[in-house]
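Undergrad:
Numbering (my numbering), first residue to last: 5 to 247.
1) Along the beta strand (DSSP E) that carries residue 226, what are the first and last residues, could you check?
2) DSSP state of residue 52, grouped into three classes?
3) Count the other CB atoms, across all protein chains shown, that sit within 10 Å of the CB of residue 16; report buried if there are 16 or more and exposed otherwise.
4) Could you tell me whether the Cβ atoms of residue 43 and residue 74 are closer together than 9 angstroms?
5) So within the region 181 to 246, which uninterrupted alpha helix (DSSP H) runs reach at least 4 residues, ignoring any that extend past its ends?
6) Helix, strand or coil for residue 166, going by three-state DSSP, please let me know.
7) Compute the distance between the beta-carbons of residue 144 and residue 107, then report whether it is under 9 angstroms.
8) Starting from residue 107, trace the beta strand (DSSP E) in both directions and tell me its first and last residue.
9) Ends of the beta strand (DSSP E) at residue 8?
10) Please report the residue range of the alpha helix (DSSP H) in which residue 131 lies.
11) Please look up how many angstroms separate the CB atoms of residue 172 and residue 116, rounded, as I've assumed it's under 8 angstroms.
12) From which residue to which residue does the beta strand (DSSP E) around residue 46 run?
13) Pull up the distance between the alpha-carbon of residue 100 and that of residue 56, whole angstroms please.
14) Figure out for me which residue from 62, 175, 235 has the closest Cα to the Cα of residue 202.
15) For residue 18, which option in 154, 195, 93, 218 has the closest C-alpha, if you only look at C-alpha atoms?
16) In terms of residues, what are the limits of the beta strand (DSSP E) holding residue 93?
17) Got a sec? Which residues, its chain only, sit under 6 angstroms from residue 245 by beta carbon, not counting five neighbours each side?
18) In the DSSP assignment, find the alpha helix (DSSP H) that holds residue 156 and state where it starts and stops.
19) Measure from the alpha carbon of residue 133 to the alpha carbon of each residue in 14, 192, 81, 94, then state which is nearest.
20) Just to confirm, is the Cβ distance from residue 184 to residue 220 under 9 angstroms?
21) Going by C-alpha to C-alpha distance, which of 240, 166, 119, 151 sits closest to residue 139?
22) Would you identify the three-state DSSP class for residue 24, choosing helix, strand or coil?
23) Taking the C-alpha atoms as reference points, what is the distance between residue 28 and residue 155?
24) Among all the DSSP beta bridges, which residues are the ones paired with residue 35?
Written out as structure tokens, the structure is:
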């Protein structure tokens, strides 16, 4: 099992000092970050589709074995709630595949308000129309999704069920592909100005998911493990604690 670890994003001014050397310019953040971690989840694609020059800059700033995962735009997942989104998804997929071998997978993060009853037919239709490459992971934040019918669909399409530590749902450690996508997300209780410091002790959650991953290592080939600043206050510290 290959394990890659990293954070949700890298462009945080609050990390200058605790993570980036004092005086580091934002244009050098990714270059420094990618010498420490071998994985990053691009959060900015949730809000807008990057242009080609931006993606090429990401590629040129990182080592050959570095991996990006990217979030599907919220216009697809939250605004349209997966309804009639194929025409919007296709250009996005075409754009982010500029990353080529550095693209690990695309994360489809669904809103907590989207239940199985409303969303399942739409998700099924979307997965049936998307190509098998790049790989996909789906994060459900409503408990109604965790049922055999959904797991079967994901396995049939080779899509990963994201394991996420979130307050609104208890996510089961079910394997649906050859990849685990583990996200330490947390809540929004830590102010952004406090990022760069560990504010909350989440040792028990980290140990729980570490145990789940190790227990299923013979079932998977790849594991992507990512932490958000909101989880403890400082994503790099959470990742280092996991490692």
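Glycine included, C-beta positions come from ideal geometry on N, C-alpha and C. Remember, predicted model here, so these are calculated numbers, not experimental data.
TA: Based on what the coordinates show:
1) In this chain, the beta strand (DSSP E) harbouring residue 226 covers 226 to 231.
2) Coil, per DSSP.
3) Residue 16 comes out buried.
4) The Cβ-Cβ distance between residue 43 and residue 74 does not fall below 9 angstroms.
5) With a minimum length of 4 residues, the continuous alpha helix (DSSP H) runs that stay inside the region 181 to 246 are 207 to 219, 233 to 236, 239 to 246.
6) Looking at residue 166 - three-state DSSP - the assignment turns out to be coil, as it is neither helix nor strand.
7) No, the pair does not count as a contact, with Cβ atoms beyond the cut-off.
8) That run of the beta strand (DSSP E) goes 107 to 113.
9) That run of the beta strand (DSSP E) goes 6 to 12.
10) For residue 131, the enclosing alpha helix (DSSP H) covers residues 120 to 133.
11) Confirmed, about 5 angstroms.
12) Per DSSP, residue 46 is one residue of the beta strand (DSSP E) stretching across 43 to 46.
13) Residue 100 and residue 56: Cα-Cα distance of roughly 8 angstroms.
14) Of all alpha-carbon atoms in 62, 175, 235, the one lying nearest the alpha-carbon of residue 202 is that of 235.
15) Residue 18 has its Cα closest to that of 195, out of 154, 195, 93, 218.
16) Following the DSSP letters along the chain, one finds residue 93 in no beta strand (DSSP E) but inside the alpha helix (DSSP H) bounded by residues 90 to 100.
17) Taken in chain order, the residues that qualify are 210.
18) Membership of residue 156 in the alpha helix (DSSP H) is indicated by the continuous run 152 to 161.
19) If we check each option's Cα against that of residue 133, 94 comes out closest.
20) Contact check for residue 184 against residue 220 passes: the beta carbons are separated by less than 9 angstroms.
21) Closest option to residue 139, Cα to Cα, is 166.
22) Strand, per DSSP.
23) Cα to Cα, residue 28 sits roughly 44 angstroms from residue 155.
24) DSSP, once it has assigned bridges, lists no residue as partnering residue 35.
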